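Down below is the structure, laid out as structure tokens.
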Amino acid sequence: MTAEGSRLEEIIKALLFTMGRALTVQEIAAASGASAEDVQKTARDLSRRSVQEHRGVIIIELDGAFQMCTNPQMYDKINALLHQPKKLSLTSVMMETLAIIAYRQPVTRAEIEQIRGVSCSHPINRLLEYGLIEETGRLEAPGRPILFGTTQEFLRCFGVRNLDDLPAVSPEEMEEFASDAEKEADIKMEV
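In my numbering, the protein residues as written are 462 to 652.
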């Protein structure tokens, strides 16, 4: 294979990977600067080799277009990964942050940090990762901060049908939460 042909192969793979959808021969030709004939020949060759070599990711032809996709022989492995149970491990800091979001939603990071008295970037990122909270929009204020709220996954994990089913928090408990947050802030500042 010529250096030009090898370069076209790499361009085709990069385009298919990046776009994540089927691309027509004309789209690939326009982006690569190669002729439609060269693109079709090179893409078909890539497709044939990816299947023959039993690669995990193959290139398939779909009615004059090409797409990069998972080899069907890998589906059982992918299913095994997707169906592994996820063990949620929530620290007390994450639980406190989640409680603030659940009871005050929609709420911004700054509002959460004001209530807790400490930075909440890490627990918010972990709660997003676990799918317990999500971005629900942006506050109409300078900087347009992100608003957070709970998800259906939160409701499932905590066994509630809707947010109205959350237990009521008494004013005494709110004082205790505030006191705990202040103590945590003092401890963090001493470190």
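The beta-carbon is built from N, C-alpha and C at its ideal position, and this holds for glycine as well. Keep in mind that this is a model prediction, so the values were computed, not measured.
**OP:** Below 7 Å CB to CB, which residues in the same chain sit around S567 once its five sequence neighbours on both sides are set aside?
**Re:** Sequence index remark: in the sequence shown, residue 567 carries index 106 (1-based). Looking at the sequence shown, residue 567 is not Ser but Pro. Non-local beta-carbon contacts of P567 in its own chain, meaning distances under 7 Å to residues more than five positions away in sequence, involve T597, G598, L608, F609 and G610 in chain order.
**OP:** Note down, in chain order, each residue of its chain lying with its Cβ closer than 7 Å to the Cβ of V554, except the 5 sequence neighbours on either side.
**Re:** Residue 554 sits at position 93 when you count from the first residue of the sequence shown. Answer for V554: P584, listed in chain order.
**OP:** Pull up the distance between the alpha-carbon of M650 and that of V579, whole angstroms please.
**Re:** For the purposes of this step, residue 650 is taken as residue 189 along the sequence shown, with counting starting at 1. For the purposes of this step, residue 579 is taken as residue 118 along the sequence shown, with counting starting at 1. Note that M650 scores a pLDDT of 43, beneath 50, so its modelled location is shaky; the value from the coordinates is reported in the next line. Taking the straight line from one Cα to the other gives about 9 Å.
Subject >> Beta-bridge partners of F527, as assigned by DSSP >> reply: The residue labelled residue 527 in the question sits at position 66 within the sequence shown. Partner(s): L484 and E522.
Original post:
Which same chain residues, not among the five before or five after L593, have their C-beta less than 7 Å away from its C-beta?
Top reply: By one-based count along the sequence shown, residue 593 stands at place 132. Result list for L593: L559, T611, T612, E614, F615 and C618, in chain order.
Original post:
Within the chosen definition, does the stretch 483-493 reach the stretch 506-518 through at least 3 CB pairs nearer than 8 Å?
Top reply: no
Subject >> Beta-carbon gap between R557 and R577 smaller than 8 Å >> reply: Numbered from its first residue, the sequence shown carries residue 557 at position 96. Numbered from its first residue, the sequence shown carries residue 577 at position 116. Residue identity differs from the one stated: residue 557 is Glu in this sequence, not Arg. The answer is yes: Cβ separation under 8 Å.
Original post:
So, is L477 buried or exposed, given that buried needs 16 or more other C-beta atoms within 10 angstroms?
Top reply: The residue labelled residue 477 in the question sits at position 16 within the sequence shown. L477 is buried by the Cβ-count criterion.
**OP:** Please report how far the alpha carbon of A526 lies from the alpha carbon of A504, in whole angstroms.
**Re:** Position 65 of the sequence shown, counted from the start, is the residue given in the question as residue 526. Position 43 of the sequence shown, counted from the start, is the residue given in the question as residue 504. Those two C-alpha atoms are separated by around 9 Å.
Original post:
Under three-state DSSP, which class holds E595?
Top reply: Here residue 595 corresponds to residue number 134 of the sequence shown, with the count starting at 1. Correct three-state label for E595: strand.
**OP:** Kindly indicate the opening and closing residues of the beta strand (DSSP E) around L608.
**Re:** For this step, residue 608 is matched to residue 147 along the sequence shown. Per DSSP, L608 belongs to the beta strand (DSSP E) from I607 to T611.
**OP:** Name the residue from I473, C581 and E470 whose alpha carbon lies nearest to the alpha carbon of I562.
**Re:** Taking the first residue of the sequence shown as 1, we reach residue 562 at position 101. It is C581.
**OP:** Alpha carbon to alpha carbon, how far is I489 from Y536? Give it in angstroms, no decimals.
**Re:** As a working mapping, residue 536 is identified with position 75 in the sequence shown. As a working mapping, residue 489 is identified with position 28 in the sequence shown. If you take the alpha carbons of Y536 and I489, they lie about 28 Å apart.
**OP:** Kindly indicate the opening and closing residues of the alpha helix (DSSP H) around N540.
**Re:** Against the sequence shown, residue 540 aligns to sequence position 79. Y536 to L543 is the span of the alpha helix (DSSP H), which, as asked, contains N540.
Subject >> E651, DSSP secondary structure in three states >> reply: Here residue 651 is taken as the residue at index 190 of the sequence shown, counted from 1. At E651 the pLDDT is 45, less than 50, meaning the model places this residue with poor confidence; the figure from the coordinates comes in the next sentence. In the three-state scheme derived from DSSP, where H, G and I count as helix and E and B as strand, E651 is classed as helix.
**OP:** On a CA-only basis, which of E574, D506, I472 and I520 is nearest A491? Give me that one, please.
**Re:** As a first step, residue 491 is located in the sequence shown; it is residue number 30 there, counting from the start. It is I472.
Original post:
Between D524 and P533, what straight-line distance do the alpha-carbon atoms span, to the nearest angstrom?
Top reply: Translated into positions along the sequence shown, residue 524 becomes position 63. Translated into positions along the sequence shown, residue 533 becomes position 72. If you take the alpha carbons of D524 and P533, they lie about 19 Å apart.
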